[in-house]
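Asker: Everything in the sequence shown is counted per numbering that gives the first Met the number 0, starting at 0 for the first residue and increasing by one.
The beta carbon of each residue, even a glycine, is placed where N, CA and C say it ideally should be.
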Amino acid sequence: MTSPPPAPSPPTLLANSDLCICCLDIALHGDSLCTNCSNWREILGAPPIGVTSMCLYNRQSPIRELLVGYKDPTNPQRKHQTTTLINLLYTWIGTSTPLDRTLPDGVDGCVVVPSTKRRRSYLGEALSKRPLPRYGQSLDVLQATPHQPEQRLASTTRFTTTQQLTNKRLVLIDDVYTTGATAQSAAHTLQAAGADVTSIIVVGRRINPHALAELGHAHPAMSREVSS
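Okay, structure coming up:
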């Protein structure tokens, strides 16, 4: 039987083999990836890209309220919440040390995961007004296609690029990472166009509640960042 492709090995502070080295969920027995990341490896035909999170959360938390509120057009606090969220992201990328791995430097730009339901994602819309620290203005090179599978499934046809990206080193940015289906599909499309996607950077990583004990054991400082 042919062995599966090797899992990615991003720089990390975590040494606990019970955690997925890509997204920090519970890893499968005998594998370094969780169920979702293992599935995306099979569907997309390549190892998933490592995820760097500004914060981890589960259930109700202040960061979850921001991530939900800034997308709601009927929310009277939407403008304030959007400003708060973007300021947090700018400060973190510009000055802070991420929880689980070092933010990449020396890249050619960043790409925001586009919306599959509207012309531009809410995050992309907010970030279009000023360049990000480290990464500059986001590149508008990725678009959703009409071929949208079930929301929680990765796909090689969910996105398309508007140009070739040969030898471009890019970071992919999104607001929320849950199963990784959308972000990993977007990363695959960029790589198929020739790019080297060094990391997926997200504002909030919705973590499996069962992984919290493992996270605290692997990296005690991390447990203080998890809102439950």
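Considering only residues of the stretch 124–175, which uninterrupted beta strand (DSSP E) runs meet the minimum length of 3 residues and lie entirely inside it, listed in chain order?
Answerer: Fully enclosed beta strand (DSSP E) runs of 3 or longer: 141–143 and 158–160.
Asker: Does the Cβ-Cβ distance between ALA186 and VAL196 come in under 8 Å?
Answerer: Yes, these two residues count as a Cβ contact at 8 Å.
Asker: In three-state DSSP terms, what is LEU18?
Answerer: In the structure shown, LEU18 sits in a strand (DSSP, three-state: E or B).
Asker: Starting from the C-beta of SER37, find all residues in its chain whose C-beta is less than 7 Å away, skip the five residues before and the five after it, and write them out in chain order.
Answerer: Only LEU27 and ASP30 meet the Cβ criterion.
Asker: Got a sec? Which residues, its chain only, sit under 8 Å from LEU164 by beta carbon, not counting five neighbours each side?
Answerer: Taken in chain order, the residues that qualify are VAL140, LEU189, ALA192, GLY193 and ALA194.
Asker: In this structure, does DSSP put SER297 in helix, strand or coil?
Answerer: Residue numbering for the chain in the displayed model covers 0 to 227; residue 297 lies beyond these limits and cannot be assessed.
Asker: Do ARG157 and SER184 have their C-beta atoms within less than 8 Å of each other?
Answerer: Yes, they are a contact pair.
Asker: Taking the continuous alpha helix (DSSP H) assigned at CYS36, which residues delimit it?
Answerer: Counting along the chain, the alpha helix (DSSP H) containing CYS36 begins and ends at 34–43.
Asker: Of all the options LEU32, TYR56, ARG40 and CYS19, which has the alpha carbon lying nearest to the alpha carbon of ARG204?
Answerer: The candidate whose alpha carbon is nearest that of ARG204 is TYR56.
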